[in-house]
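Chains as they are written, first to last, in our numbering: chain A, 8 to 307; chain B, 8 to 307.
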DNA sequence: ATTTTGTTTTTTATCTACAATAAACATTTT
DNA sequence: AAAATGTTTATTGTAGATAAAAAACAAAAT
């Protein structure tokens, strides 16, 4: 088959779950915009809702007839986009212990194991190569460079350069800029998290990403923004499987963030620089500690 | 047809031009290694050389019978890899005046005009996207962001961060390191170029790339090295078409390079930093001046 | 006049097939 | 035994086909 209609299914589920009986639905373009899909897809959703007897559809009139049930939805396995499936599956493999640096990556084998065509795998690998974890030999295979301490060091170096730059730019933002409000909101979220820390400390990584993204956006630099994707994906997949000391780690990071936020709000370049450095140093340490030691390496 | 044998043709030409009559050729693995191809391809070359009566091939004995002529070679159009063809063709389009920022990029149309399949174009665009000049809307088209002043500014900012970092690292390289010799050689090349400057100043860009690459390698950082590709491609295609003031530009750059080299050799961090900054500032200026002004912009 | 719906066309995402190339295996030669 | 050649197999690179999704066009309703 040529293409799965996962976008349709996912959008259908997303729209259907929140339908309330006896309400009227908006126009097709409105629905499409709301769901972030084209009108063609929105119409396909309406068509199915109508066929399933969930709505009555007659031109402009779209009335919800009944509360949709779980049985009306597509099963969750059918709504993942191929790209997400491949990403998850691939990251799982390369973060696992079996994955040794220098290992060859076989497109056909990957495709078969994931249950997909080779072109999607190829395109994924090309896209993924910018994360610096794999490398291609022309006319030949991909090689896994691996999640090694070299990788972590190089990542941390660039991250520090970029974040110091972005933080300095943030400090120069004009007083009326939206970013200051966003920063305030993030500060409040930190305090809220701190309140119920024992039960909620796992939510920190989401907040962490949001905070650093806000700072990096201040740099207004596409290369810096793109690079943050690398960091985000590494942290996302890495710490998802490495939950050791999560509580202590997060407690420390929150304290550093609050300091950092205060420094930004002071707009004093030197204070910003200092607070940023403190946080980056501990982030580097956290990252380095989480690297699996390869044979012959000694813990630093 | 599925795949062009451009690799074979290109390697055949490369090997054939330097054959001398009455010499013996080395073993198949040696030939393959020399040409950077697999033994299968090396054998295909030998087979053709034999069929064309250029060599006598009997197992280990491979004697060159006659001097190959131009007619023995494949025409140059047949030896370009598809990737190179697409890159050239695409860069030509997006650097041309017709290419306006915001313009949509159509995969099928591009493929037709270049005379190739859509998959190659797709993969090229994915790879190319890391240069920050195009952007994809999911399930929809690519958009040309364009070679704008914003692009140049963002590029220059990152370049400066990276090069200052790399130059500092270079200064810390141990005395016996190969890089110091390479630097000396590059210094000599600068002096040589200066001697016949009027006739050879166009060779400068090759030397420039070599010099900066050497510096960036000192950082030992894959992200910095990858980023230098972005700079290299922009300079390569951009200045290929913008030859205005090339002589003055290059003269100035050479002087700055020599200063910069001397600073590196002094290993004095502050001197290195200062010389690097001077050169980067003028490189930035050169880049900014070369940006086509879009409507409404005023020259800075 | 503008928005909404109905219909058709264009474009992208993905799969499959197949030639070129690389890699592996087997045999021969030194 | 090691290296070279001969032969077979596996893998990548590219084209072409097709369904999903987007976009464009046309008609109808406010």
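From the three backbone atoms N, C-alpha and C, an ideal C-beta is built for every residue, glycine too.
Could you tell me whether the Cβ of residue i comes closer than 8 angstroms to any Cβ of chain A?
{"i": "residue 224 of chain B", "result": "no"}
{"i": "residue 139 of chain B", "result": "yes"}
{"i": "residue 161 of chain B", "result": "yes"}
{"i": "residue 133 of chain B", "result": "yes"}
{"i": "residue 126 of chain B", "result": "yes"}
{"i": "residue 293 of chain B", "result": "no"}
{"i": "residue 55 of chain B", "result": "no"}
Would you say residue i lies against chain B (beta-carbon separation less than 8 angstroms)?
{"i": "residue 307 of chain A", "result": "Per-residue confidence for residue 307 of chain A stands at a pLDDT of 46, beneath the threshold of 50, marking its modelled position as unreliable; the derived number appears in the next sentence. No, residue 307 of chain A lies away from the interface with chain B (no Cβ there is under 8 angstroms from its Cβ)."}
{"i": "residue 298 of chain A", "result": "no"}
{"i": "residue 50 of chain A", "result": "no"}
Can you list the residues of chain A that residue i reaches, using a CB-CB cut of under 8 angstroms?
{"i": "residue 172 of chain B", "result": "164 and 168"}
{"i": "residue 144 of chain B", "result": "Per Cβ cutoff of 8 angstroms: no residues; residue 144 of chain B is ~11 angstroms from chain A at best."}
{"i": "residue 130 of chain B", "result": "129, 130 and 133"}
Assuming the contact rule is C-beta atoms closer than 8 angstroms, residue i and residue j should be a hit. Round their C-beta distance to whole Å, please.
{"i": "residue 26 of chain A", "j": "residue 61 of chain A", "result": "7 angstroms"}
{"i": "residue 158 of chain B", "j": "residue 240 of chain B", "result": "Going by Cβ atoms, the distance from residue 158 of chain B to residue 240 of chain B rounds to 13 angstroms, so no, they are not a contact pair."}
{"i": "residue 49 of chain A", "j": "residue 56 of chain A", "result": "Incorrect: roughly 11 angstroms between the Cβ atoms, too far for contact."}
{"i": "residue 271 of chain A", "j": "residue 174 of chain A", "result": "7 angstroms"}
{"i": "residue 108 of chain A", "j": "residue 69 of chain A", "result": "Actually they do not touch by this definition, with Cβ atoms about 56 angstroms apart."}
{"i": "residue 225 of chain A", "j": "residue 186 of chain A", "result": "6 angstroms"}
{"i": "residue 63 of chain A", "j": "residue 72 of chain A", "result": "6 angstroms"}
{"i": "residue 150 of chain A", "j": "residue 142 of chain A", "result": "5 angstroms"}
{"i": "residue 35 of chain A", "j": "residue 46 of chain A", "result": "5 angstroms"}
{"i": "residue 284 of chain B", "j": "residue 238 of chain B", "result": "Not really, about 17 angstroms apart at Cβ, beyond 8 angstroms."}
{"i": "residue 211 of chain B", "j": "residue 260 of chain B", "result": "7 angstroms"}
{"i": "residue 264 of chain A", "j": "residue 286 of chain A", "result": "7 angstroms"}
{"i": "residue 146 of chain B", "j": "residue 208 of chain B", "result": "Not a contact, Cβ separation roughly 49 angstroms."}
{"i": "residue 23 of chain B", "j": "residue 82 of chain B", "result": "The pair is not a contact, with the Cβ atoms about 13 angstroms apart (cut-off 8 angstroms)."}
{"i": "residue 243 of chain A", "j": "residue 169 of chain A", "result": "In fact, because the Cβ distance is near 18 angstroms, the residues do not count as touching under 8 angstroms."}
Mind listing the chain B neighbours of residue i? Cutoff is C-beta to C-beta under 8 angstroms, in chain order.
{"i": "residue 41 of chain A", "result": "Correct list: empty, because the minimum Cβ distance to chain B is about 16 angstroms."}
Comparing the CB of residue i with every heavy atom of the ligand ZN, is any distance shorter than 7 angstroms?
{"i": "residue 55 of chain A", "result": "Looking for the ligand ZN in the displayed structure turns up nothing, as the structure carries no ligands at all."}
Listed from N- to C-terminal order along the chain, which residues in the region 11–32 of chain B have their beta-carbon within a distance smaller than 7 angstroms of any beta-carbon of chain A?
If you check each beta-carbon in the region 11–32 of chain B against every beta-carbon of chain A, the ones closer than 7 angstroms belong to 14.
Every unbroken alpha helix (DSSP H) inside the region 114–138 of chain B [4 residues or more]:
Here the runs fully enclosed are 114–121 and 125–135.
Determine which residues of the region 227–250 of chain B have a Cβ less than 9 angstroms from any Cβ of chain A, and write them out in chain order.
Listed by position along the chain: 227, 228, 229, 230, 231, 233, 234 and 237.
What are the uninterrupted segments assigned as alpha helix (DSSP H) that are 4 or more residues long and contained completely in the region 68–105 of chain B, given in chain order?
As far as the region 68–105 of chain B is concerned, its whole alpha helix (DSSP H) runs of at least 4 residues are 89–102.
May I ask you to list, following chain order, the residues of the region 94–120 of chain A that have a beta carbon less than 8 angstroms from some beta carbon of chain B?
Answer set for the region 94–120 of chain A: empty.
Name the residues in the region 174–206 of chain B whose C-beta lies less than 7 angstroms from a C-beta of chain A; which are they?
Cβ proximity to chain A below 7 angstroms picks out nothing from the region 174–206 of chain B.
Going residue by residue through the region 131–201 of chain A, where are the continuous beta strand (DSSP E) segments of at least 3 residues, counting only ones entirely within it?
Within the region 131–201 of chain A, the complete beta strand (DSSP E) runs of at least 3 residues are 141–143 and 149–151.
Which parts of the region 255–282 of chain A are runs of the alpha helix (DSSP H), unbroken and 4 residues or longer, counting only runs that do not cross its ends?
Here no run is fully enclosed.
Taking the runs of the alpha helix (DSSP H) that are 4 residues or longer, which of them lie wholly in the region 198–222 of chain A?
Listed in chain order, the complete alpha helix (DSSP H) runs (minimum 4 residues) inside the region 198–222 of chain A are 204–207.
Alpha helix (DSSP H) runs wholly inside the region 45–69 of chain B, at least 4 long, in chain order:
Here the runs fully enclosed are 46–58.
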